[in-house]
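Asker:
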Amino acid sequence: MTSVGETEADELGSASLRRSAVRGVGWSALQTVASRSLSTVVFVVLARLVEPEDFGLVAIASVFVALLTVLADQGFGQALVQRPVLERTHLDTAFWLNVTIGALLALLLAGTAGAIANLFDEADLAPLLRALAMVPLISALGVVPSSLLRRDLAFASLAVRGLVGTAAGGVVGIAAAVAGAGAWALVAQLVVQT
Numbered sequence: 000m001t002s003v004g005e006t007e008a009d010e011l012g013s014a015s016l017r018r019s020a021v022r023g024v025g026w027s028a029l030q031t032v033a034s035r036s037l038s039t040v041v042f043v044v045l046a047r048l049v050e051p052e053d054f055g056l057v058a059i060a061s062v063f064v065a066l067l068t069v070l071a072d073q074g075f076g077q078a079l080v081q082r083p084v085l086e087r088t089h090l091d092t093a094f095w096l097n098v099t100i101g102a103l104l105a106l107l108l109a110g111t112a113g114a115i116a117n118l119f120d121e122a123d124l125a126p127l128l129r130a131l132a133m134v135p136l137i138s139a140l141g142v143v144p145s146s147l148l149r150r151d152l153a154f155a156s157l158a159v160r161g162l163v164g165t166a167a168g169g170v171v172g173i174a175a176a177v178a179g180a181g182a183w184a185l186v187a188q189l190v191v192q193t
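According to numbering that gives the first Met the number 0, the residues represented by the sequence shown are 0 to 193, in order.
Rendered as structure tokens:
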């Protein structure tokens with residue numbers, strides 16, 4: 000049998016969770032809109048500063064990086080968010096598994112960069128792939144901290160972090176493009192944004 004006090008506490012907890020969820024949706028929406036808007040502006044500026052051939056090379060490289068980044072996400076972050084009781088060993092295991100997978104995928108991409116470049120008959124692609132190989136590893140390093148923020152419903156922190164990453168990547172990419180870095184400006188943008 001449930002007492003009146005327990006029922007009121009459950010209702011208050013449910014209302015608090017509802018408010019947190021609504022705020023979280025708001026922050027996520029704000030981050031998505033602001034980040035996409037900022038990315039569009041950065042893209043337009045970079046399109047004026049970087050040659051189309053350089054965009055093409057980085058687009059090819061980005062396909063492989065995106066594929067490996069998806070493969071690196073093995074669901075450990077979601078498990079941390081959903082786990083009823085979270086212990087230090089869970090965090091350590093998830094962190095090291097993610098970092099190991101990210102590092103192996105980075106080595107795989109760096110090791111196959113020459114073959115991929117040969118496949119596309121683009122010698123300039125290999126060094127770009129090797130530089131972008133660090134992206135799955137960098138992403139893996141952020142899985143546990145991001146998951147803990149989601150678990151705590153700290154969507155404002157996640158939104159700010161995402162926006163800062165997008166802005167920093169944009170600034171670095173544009174500065175590198177102005178300096179004449181070409182495709183490397185786009186690589187720098189992607190790495191910093193990650």
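Yeah, the Cβ is synthetic: ideal placement off N, Cα and C, and Gly gets one too.
State buried or exposed for residue 79, treating a residue as buried only when at least 16 other CB atoms are found within 10 Å of its CB.
Answerer: Counting from 1 along the sequence shown, the entry for residue 79 is found at position 80. It counts as buried.
Asker: Closest by CA to residue 164, which one among 17, 24, 18, 35?
Answerer: Position 165 of the sequence shown, counted from the start, is the residue given in the question as residue 164. Here the closest residue by C-alpha is 35.
Asker: For a test of the three-state rule: what should DSSP assign to residue 70, helix, strand or coil?
Answerer: If you number the sequence shown from 1, residue 70 lands on position 71. In the structure shown, residue 70 sits in a helix (DSSP, three-state: H, G or I).
Asker: Can you give the Cα-Cα distance for residue 63 and residue 147, rounded to whole angstroms?
Answerer: The residue labelled residue 63 in the question sits at position 64 within the sequence shown. The residue labelled residue 147 in the question sits at position 148 within the sequence shown. Going from the Cα of residue 63 to the Cα of residue 147 covers about 28 Å.
Asker: Here's a check: name, in chain order, each residue in its chain whose Cβ is nearer than 7 Å to the Cβ of residue 191, leaving out the five neighbours to either side.
Answerer: Position 192 of the sequence shown, counted from the first residue, corresponds to residue 191. For residue 191, where only same-chain residues beyond five positions count, the Cβ hits under 7 Å are 167, 168, 171.
Asker: Name the residue from 89, 121, 158, 49 whose alpha carbon lies nearest to the alpha carbon of residue 76.
Answerer: As a working note, residue 76 is residue 77 in the sequence shown. When each option's Cα is compared against that of residue 76, the closest is 89.
Asker: Just reading off the alpha helix (DSSP H) that residue 176 is part of, what are its end residues?
Answerer: Locating residue 176 in the sequence shown gives position 177, counting from the first residue. Counting along the chain, the alpha helix (DSSP H) containing residue 176 begins and ends at 154-177.
Asker: Quick one: what's got a C-beta closer than 7 Å to residue 139's C-beta in the same chain, skipping five residues either side?
Answerer: Counting from 1 along the sequence shown, the entry for residue 139 is found at position 140. Answer for residue 139: 71, 97, 98, 100, 101, listed in chain order.
Asker: To the nearest angstrom, report how far apart residue 58 and residue 24 are at their CA atoms.
Answerer: Translated into positions along the sequence shown, residue 58 becomes position 59. Translated into positions along the sequence shown, residue 24 becomes position 25. Cα to Cα, residue 58 sits roughly 31 Å from residue 24.
Asker: Examine the Cβ distances between the stretch 104-120 and the stretch 128-143 and report whether three or more of them are shorter than 8 Å.
Answerer: Yes, the stretch 104-120 is in contact with the stretch 128-143.
Asker: Roughly how many angstroms separate the alpha carbons of residue 117 and residue 124, rounded to a whole number?
Answerer: Taking the sequence shown and counting its residues from 1, the one referred to as residue 117 is at position 118. Taking the sequence shown and counting its residues from 1, the one referred to as residue 124 is at position 125. Computed Cα separation, rounded: 9 Å.
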